[in-house]
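Engineer: Taking our numbering, the leading residue of the sequence shown gets 290, the next gets one more, and so forth. Virtual Cβ for every residue (Gly too), placed ideally from N, Cα, C. Note that the structure is predicted; figures quoted are calculated from it, not measured.
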Amino acid sequence: MPDNFIVEFDIIPDEDYRYGIQFTLYNDWEDNSKELNDELFPGLGGLHLALEYDRWESRGYKDGEDWIDGVATKNPVIKEQLNHVILWIQKRRVRVYHQDEKVLDMPTNIYTGVKLNRMRFSGWDRSSFPLISNIKITTASPDMRSKLITEGKLTTYGITFDVNKAVVKSESFGTLKSIADVLKENETVKVKIIGHTDSDGDDAKNLELSNLRAESVKNELIKNFGIDASRMETEGAGETKPVAPNDTPANKSMNRRVEFIKIN
290 MPDNFIVEFD IIPDEDYRYG IQFTLYNDWE DNSKELNDEL FPGLGGLHLA
340 LEYDRWESRG YKDGEDWIDG VATKNPVIKE QLNHVILWIQ KRRVRVYHQD
390 EKVLDMPTNI YTGVKLNRMR FSGWDRSSFP LISNIKITTA SPDMRSKLIT
440 EGKLTTYGIT FDVNKAVVKS ESFGTLKSIA DVLKENETVK VKIIGHTDSD
490 GDDAKNLELS NLRAESVKNE LIKNFGIDAS RMETEGAGET KPVAPNDTPA
540 NKSMNRRVEF IKIN
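Written as structure tokens, this is what we have:
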């Protein structure tokens, strides 16, 4: 796995859920890279995240070293309901979100040199059988802060839409969260959000669609991440500013993008 990535999953704990599950990311022995069995666990090092009924507990570990522990009781999982959990790894830093709210933030929770290449769910309750689904792993760009704050411009392909639609797709969450965190850490920064399309279809409709998409991105940042509306402007460029010729599917995908421009 890369140094910066996001793991998401849904869990429905049953009535008997107490000690719950443990989700582990770990560094397996290189000689066993193509094998899958319990004897490889827990590997050379990694991170345990325990989802108990009343708390979150993270434990970074490395062979021969002490545990790096983190505990939080904020907003624990709810029994017999769908809970959406996000684990965001940025090198050694670990952040956990539940129902779009940050519940745990450990700046140094993973040992240096631990290369995570395996994941595992473990159960602790003998009579509890929680349901787990919608497991997703996405990359989290490490240079968003420098791109937007230092260089003044961020181009992203991680915010996606269905064809000819302006509704932001759910898989865009990781990218939106990365951008929202940059804005929260730099509270005086204002941005212009610009939507771009490829050249397929009518020029005027593409311009309108790009405007609607930029507005949708703004609304997502307001609704789901608490970014103040006054800090964001929107604009649609349609197909007028391509970064590649619109002659192949790959080039067209490069032109379908969202840009964030720092305006102060």
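Please classify Leu336 as buried or exposed, where buried requires at least 16 neighbouring CB atoms within 10 angstroms.
Structural biologist: In the sequence shown, counting from the first residue as 1, residue 336 sits at position 47. Answer is buried; the Cβ neighbour count reaches 16.
Engineer: Jot down the residue ranges of each uninterrupted beta strand (DSSP E) in the stretch 399-451, minimum 3 residues, whole runs only, in chain order.
Structural biologist: The stretch 399-451 contains these whole beta strand (DSSP E) runs: 407-412, 420-428, 442-445.
Engineer: Give the straight-line distance between the Cα atoms of Ser347 and Asp470, rounded to the nearest whole angstrom.
Structural biologist: Mapped onto the sequence shown, residue 347 falls at position 58. Mapped onto the sequence shown, residue 470 falls at position 181. Taking the straight line from one Cα to the other gives about 21 Å.
Engineer: Alpha carbon to alpha carbon, how far is Thr445 from Val547?
Structural biologist: Position 156 of the sequence shown, counted from the start, is the residue given in the question as residue 445. Position 258 of the sequence shown, counted from the start, is the residue given in the question as residue 547. About 6 Å.
Engineer: Give the DSSP bridge partners of Ile357, in chain order.
Structural biologist: Taking the sequence shown and counting its residues from 1, one reaches residue 357 at position 68. Answer is Gly349.
Engineer: Ignoring anything shorter than 3 residues, give me the beta strand (DSSP E) runs that lie fully in the stretch 490-553, in order along the chain.
Structural biologist: 521-527, 546-551
Engineer: I'd like the span of the beta strand (DSSP E) that includes Asp394, first residue to last.
Structural biologist: Along the sequence shown, read from residue 1 onward, the residue named residue 394 stands at position 105. For Asp394, the enclosing beta strand (DSSP E) covers residues 390-395.
Engineer: Check whether the stretch 515-526 touches the stretch 394-410, counting contact only when three or more Cβ pairs, one atom from each stretch, lie closer than 8 Å.
Structural biologist: Touching, no, given that fewer than three Cβ pairs across the two stretches are closer than 8 Å.
Engineer: In the DSSP output, what is Arg382 paired with across the bridge?
Structural biologist: In the sequence shown, the residue the question calls residue 382 occupies position 93. In the DSSP output, where bridge partners are listed per residue, Arg382 has Gln379.
Engineer: Cα separation between Met521 and Val480?
Structural biologist: Counting from one through the sequence shown, the residue named residue 521 turns up at place 232. Counting from one through the sequence shown, the residue named residue 480 turns up at place 191. Each residue's alpha carbon lies about 5 Å from the other.
Engineer: Does the stretch 293-308 come close enough to the stretch 373-387 that 3 or more CB-CB pairs lie under 8 Å?
Structural biologist: yes
Engineer: Per DSSP, what are the beta-bridge partners of Asp299 in this structure?
Structural biologist: Within the sequence shown, residue 299 is the residue found at index 10, counting from 1. Beta-bridge pairing links Asp299 to His373, Ser422.
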